[in-house]
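A.B. asks:
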Amino acid sequence: MLLKEAEKFLKADYGFLVCFERVEGVVLASDYVPDVEVEEPFRTEEDAIAFGLRLAAVTTGKFVNFYIVRSDNYKPFGDWQLENR
0 MLLKEAEKFL
10 KADYGFLVCF
20 ERVEGVVLAS
30 DYVPDVEVEE
40 PFRTEEDAIA
50 FGLRLAAVTT
60 GKFVNFYIVR
70 SDNYKPFGDW
80 QLENR
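Okay, structure coming up:
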């Protein structure tokens, strides 16, 4: 791989989402914010974390298991979990 090609991975602009789950009967259903079909993802991990923490604080008992995920592959970013309750 050429250095120029490798640098493209380092400069990737994929954005971040907040993933959360809610209990629906006996299963967990997940959702993401923002909805990348109609909105831009958070530009930085820090922006996603700040929003996710605020959302978690006001939705106690409604939503559970908050994560930061990459918007390009929906996989958790690193091993970082916002809140598990």
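Start counting the sequence shown at 0; every next residue gets the next number (numbering that gives the first Met the number 0).
Backbone N, C-alpha and C fix where the C-beta goes; we use that ideal spot for every residue, glycine too.
Quantities reported herein were computed from a predicted structural model and do not represent experimental measurements.
What did DSSP end up calling Leu1 once you bin it into helix, strand or coil?
C.D. replies: coil
A.B. asks: Rounding to the nearest angstrom, what Cα-Cα distance links Thr43 and Pro75 in this structure?
C.D. replies: 14 Å
A.B. asks: Run through the DSSP bridge pairs and tell me what Asp30 is partnered with.
C.D. replies: Phe19
A.B. asks: Distance check for Val17 and Val59, CA to CA, integer angstroms please.
C.D. replies: Sequence check: residue 59 is Thr here, not Val. Computed Cα separation, rounded: 16 Å.
A.B. asks: Suppose you measure from the CA of Glu45 to the CA of Phe65; what does that come to, to the nearest Å?
C.D. replies: 14 Å
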